[in-house]
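Here's the structure, in C-alpha cells; my notes come after.
Number of protein chains: 2
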Amino acid sequence: MARILLTSGPTRQYIDPVRYLTNASSGRMGCSLAEAAVAAGHEVIIVSGPVSVTYPEQATVVWVNTTDEMLSAAREQFAQCDGLIGVAAPCDYRPEFVQDQKIAKTGQPLVLQLIETPDIVATLGAEKKDRWVVGFALETEDRRFRALVKLEKKSCDLMVLNGPEAMNSEENHVEVLAKDGSVVATIDGSKGEVASQIMQIVGERLIDA
Amino acid sequence: MARILLTSGPTRQYIDPVRYLTNASSGRMGCSLAEAAVAAGHEVIIVSGPVSVTYPEQATVVWVNTTDEMLSAAREQFAQCDGLIGVAAPCDYRPEFVQDQKIAKTGQPLVLQLIETPDIVATLGAEKKDRWVVGFALETEDRRFRALVKLEKKSCDLMVLNGPEAMNSEENHVEVLAKDGSVVATIDGSKGEVASQIMQIVGERLIDA
Chain A
0 MARILLTSGP TRQYIDPVRY LTNASSGRMG CSLAEAAVAA GHEVIIVSGP
50 VSVTYPEQAT VVWVNTTDEM LSAAREQFAQ CDGLIGVAAP CDYRPEFVQD
100 QKIAKTGQPL VLQLIETPDI VATLGAEKKD RWVVGFALET EDRRFRALVK
150 LEKKSCDLMV LNGPEAMNSE ENHVEVLAKD GSVVATIDGS KGEVASQIMQ
200 IVGERLIDA
Chain B
0 MARILLTSGP TRQYIDPVRY LTNASSGRMG CSLAEAAVAA GHEVIIVSGP
50 VSVTYPEQAT VVWVNTTDEM LSAAREQFAQ CDGLIGVAAP CDYRPEFVQD
100 QKIAKTGQPL VLQLIETPDI VATLGAEKKD RWVVGFALET EDRRFRALVK
150 LEKKSCDLMV LNGPEAMNSE ENHVEVLAKD GSVVATIDGS KGEVASQIMQ
200 IVGERLIDA
C-alpha cells in the first residue's frame, strides 16, 4: 500500500476580479485515478482545482484555485507521500499584473502580458529523492517526442500522453511512456478503464518494484 | 403570456486548442429566472454557454461556446420573442489571433492582443423595435452610475445591477434600475427569490403594461 498524491482539475489565473484564463479540464480523469487507487488499497490525497466531479469519499481533498496555490498545497502534501500522479491541467500562464477592479471596456484592444506559472510536476520531480512521479502530457503536435522531452525535464518515472480531445470527455486514449523512451502501454476506453490500467502499471513498476 | 429569450452562463474565448478566457458565471441566476418565467406561464428559450445547472425541462435550450455563437443564436431566437433577459456573462474580450496548435512554453512572456467581442444585449437592444430588453450589469466600482450608462447604451428597459460576489454563488443582492434612473427595487435573497421578484417586475412593467 502506498500514499499517493494526485493533482487534478484545472486552475484559474485571474486578470481582474471577473475574468480569468483556464482550460476545460473536468477532473474526471483525476477522479477515475483516485477511484482506481482507492480500489487498489492505496491512501489518496487529491489537490484539486475547481471542478464539479465527486471524488471518492475515502480520499482527502485539498481545494485550490490558482497554480501557485496548487503548487504550495501539493508540495506540502508530497512531503508525506510515496509518489505523485500529476493529472491536473494547471493554467500555465498568468497575467503579469492583475487588476483589482473589473477592467472597463473602452473599444480599444487590451494587451495582456502573460508570464509562465511554476511547473508543479517539474518542481516536485526535482525534489522527489526516492519518491516516484507520474506526469501527464497533453500535446497537439509531435506528441510522443514532446511527451518524452517533458518526462526527462520533469524528472518523471512514467509519462502519460493524451490529446486535447481528452478534456471534458468521458473517454480517453493514452500512451504510457517510460524513461527509456519505450511505449509501456497504449490504452483506449472510458476514463475508468484507462485509470485502472494506469494504476496497474504504476503498481507493478513503481510501488511493488 | 410572453415568449421570453434568456441568455445565460459564461462564454469561452480560446487562445489555442486548450487555453481560454472565461469567468465564473454558473448559470444559476439564468436557471432561476427560467424557473420563475415558466412558473409565471411564459414560454422560455435559453441560449446558454457551458454550465452544469439543469434548466427547467419546459424551456428550450440552445447551447453555445463563444460570444459570437451566443450572439448569432440569440439574434435568431429574438426574432420570434417578445423580450430578452440578458443574464449571461459573455466573455467580452477575445484574442485577436487564435493559435491552432497548443502554444508551447518557452520561458518567455507571452503577449496576448485582446479585442472586444460584440455586445449581445446592446446589439439586440439596438434592433429591438417594440420588444423589451432587460440587461444585467456586474460592476465592481461606481456601480449604479455604470449600470445606468449601460442601460442607456444598450437600449434596455430595465437594468439589474449586481456585484462580482453574485458569480457562482447561491445568493444574490441586486438593484433593479429603470430608464429614468430610479431604483425600482432592491432585492436580497437566494437566486430563486431574487429571480421571482425580478420576473414580477418584468411582468408588471414590460409584459402586462
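The listed protein sequences derive, respectively, from chains A and B.
Per numbering that gives the first Met the number 0, the first sequence starts with residue 0, numbered consecutively.
Per numbering that gives the first Met the number 0, the second sequence starts with residue 0, numbered consecutively.
Cβ atoms here follow ideal geometry from the backbone N, Cα and C, with glycine treated the same way.
May I ask which residues mark the beginning and end of the beta strand (DSSP E) holding residue i?
i	result
A:Thr10	A:Thr10 -> no beta strand (DSSP E), and no H or E assigned at all.
B:Phe135	131 to 137
B:Met158	157 to 161
B:Glu169	Unbroken run through B:Glu169: none, as it is neither H nor E.
B:Leu83	82 to 85
A:Val61	59 to 62
Since residue i is in the alpha helix (DSSP H), which residue starts that stretch and which ends it?
i	result
B:Ser195	190 to 201
B:Val37	27 to 38
B:Arg93	Run containing B:Arg93: none in the alpha helix (DSSP H); it sits in the beta strand (DSSP E), 92 to 94.
B:Leu147	142 to 152
A:Ala72	66 to 77
What does residue i touch in chain A if you count any residue whose Cβ is under 8 angstroms from its own?
i	result
B:Glu138	Lys101
B:Gly106	Glu115
B:Glu95	Pro108
B:Leu123	Neighbours of B:Leu123 on chain A: none; closest Cβ ~17 angstroms, over 8 angstroms.
Using the beta-carbon count (16 or more within 10 Å), is residue i buried or exposed?
i	result
A:Met0	exposed
B:Glu34	buried
B:Gln12	buried
A:Ala208	exposed
A:Gln107	exposed
B:Gly110	The sequence shown places Val at residue 110 of chain B, rather than the Gly named in the question. That one is exposed.
A:Ala87	buried
B:Gly40	exposed
A:Asp141	exposed
A:Lys101	buried
B:Phe77	buried
B:Ala165	buried
B:Val43	buried
A:Thr105	exposed
B:Ser7	buried
Could you work out which residues of chain B lie near residue i, taking near to mean beta carbons separated by less than 7 angstroms?
i	result
A:Asp81	Those within 7 angstroms of A:Asp81 in chain B number zero; the least Cβ separation is about 29 angstroms.
A:Gln196	By Cβ distance, chain B contributes nothing, its closest Cβ being about 24 angstroms from A:Gln196, past 7 angstroms.
Taking residue i as the query, report the chain A residues whose CB atoms sit under 7 angstroms from its CB, ordered along the chain.
i	result
B:Asp91	Lys104
Mapping DSSP to helix, strand and coil, what is residue i?
i	result
A:Ser47	strand
B:Ile119	helix
B:Val183	strand
A:Glu42	strand
B:Thr21	strand
B:Ala125	helix
B:Ile102	coil
B:Ile14	coil
What residues of chain B sit near residue i, judged by a beta carbon separation below 9 angstroms?
i	result
A:Gln112	Pro108, Leu109, Val110, Leu111
Taking only beta-carbon positions, decide if residue i is within less than 9 angstroms of chain E.
i	result
B:Arg145	This model lacks chain E altogether; the protein chains it does include are A and B.
Looking at residue i and the ligand ATP, is the gap between the Cβ and the nearest heavy atom below 8 angstroms?
i	result
B:Ile200	Among the ligands in the structure shown, none appear at all, so the ligand ATP cannot be discussed.
Quick one: which residues of the region 151 to 183 of chain B get their C-beta closer than 8 angstroms to a C-beta of chain A? List them in chain order. Pro163, Met166
What residues in the region 48 to 74 of chain B bring their beta carbon closer than 9 angstroms to a beta carbon of chain A? Pro49, Ser51
Given a limit of 9 angstroms on CB to CB distance, which residues of the region 0 to 19 of chain B reach chain A? Arg11, Ile14, Asp15, Pro16, Val17, Arg18, Tyr19
With 8 angstroms as the limit, tell me which residues of the region 17 to 45 of chain B have their beta carbon closer than that to any beta carbon of chain A; keep them in chain order. Val17, Arg18, Tyr19, Leu20, Thr21, Asn22, Ala23
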